[in-house]
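In the working numbering, the protein residues as written are 177 to 323.
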């Protein structure tokens with residue numbers, strides 16, 4: 177965690193310097209995903225910028241990554257993001273098939289997490305519940321995996 181915070185601090189300082197040059201509408205989002213059951217597989221992370229693309233199977237997320245899991249957590253830094261609203265989804269691809277698996281009823285069969293730690297009750301999560309505003313140099317988001 178200390179290494180993650182040092183990297184975040186370094187990026188904040190870089191962006192602050194860029195902001196002094198007139199580039200003040202960008203920031204850093206540091207994400208820490210916790211609550212993973214094991215270190216197997218990878219964590220897939222998707223970043224969305226609007227409700228139209230959020231979890232829409234016909235749309236591509238704004239950003240998407242797969243990240244290693246170390247000590248039951250995964251950390252990633254998104255730098256130089258334009259100020260605005262975002263939402264993040266992630267899932268633990270424990271079996272390594274690269275897809276978010278669901279059972280025959282459409283319910284997730286792999287652990288997942290959402291920004292704002294939303295816990296959907298009936299149906300898929302909603303943009304309005306998961307979105308957050310990036311409007312400053314840096315933002316730290318912790319996502320707890322639902323399992």
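All C-beta atoms, glycine included, are put in the ideal place defined by N, C-alpha and C.
(message) For residue 293, which residues in the same chain have their Cβ closer than 6 Å to its Cβ, ignoring the five residues on either side in sequence?
(response) 320
(request) Go to residue 305, then tell me how far its alpha helix (DSSP H) extends in each direction, as first and last residue. (result) Taken as a continuous stretch (DSSP letters only), the alpha helix (DSSP H) holding residue 305 covers 303-306.
(request) Verify whether the separation of the beta carbon atoms of residue 150 and residue 297 is less than 7 Å. (result) The requested residue 150 does not occur in the structure, where the chain is confined to residues 177 to 323.
(request) Indicate whether residue 259 and residue 201 have their beta-carbon atoms separated by less than 7 Å. (result) Between residue 259 and residue 201, the CB-CB gap stays under 7 Å.
(message) How far does the beta strand (DSSP E) with residue 289 in it extend, from its first residue to its last?
(response) Taken as a continuous stretch (DSSP letters only), the beta strand (DSSP E) holding residue 289 covers 288-290.
(message) On the criterion of 16 or more Cβ atoms from any shown chain inside 10 Å, does residue 228 qualify as buried, or is it exposed?
(response) exposed
(request) Would you mind sorting residue 331 into buried or exposed? The rule is 16 or more other CB atoms within 10 Å of its CB. (result) Because the chain in this structure spans residues 177 to 323, residue 331 falls outside the shown range and cannot be described.
(message) Quick check on the burial criterion: 16 or more other C-beta atoms within 10 angstroms. Buried or exposed for residue 197?
(response) Because the pLDDT of residue 197 is 45, which lies under 50, any placement of that residue in the model is unreliable, and the number read from its coordinates should be weighed accordingly. Counting the other Cβ atoms within 10 Å of the Cβ of residue 197 gives fewer than 16, which makes it exposed.
(request) List the endpoints of the continuous beta strand (DSSP E) containing residue 240. (result) 239-243
(request) Taking residue 258 as part of the beta strand (DSSP E), name the residues at either end of that continuous run. (result) 250-258
(request) Could you tell me if residue 220 is buried or exposed, where buried requires 16 or more neighbouring beta carbons within 10 angstroms of its beta carbon? (result) buried
(message) Under DSSP, the beta strand (DSSP E) around residue 203 begins and ends at which residues?
(response) 202-210
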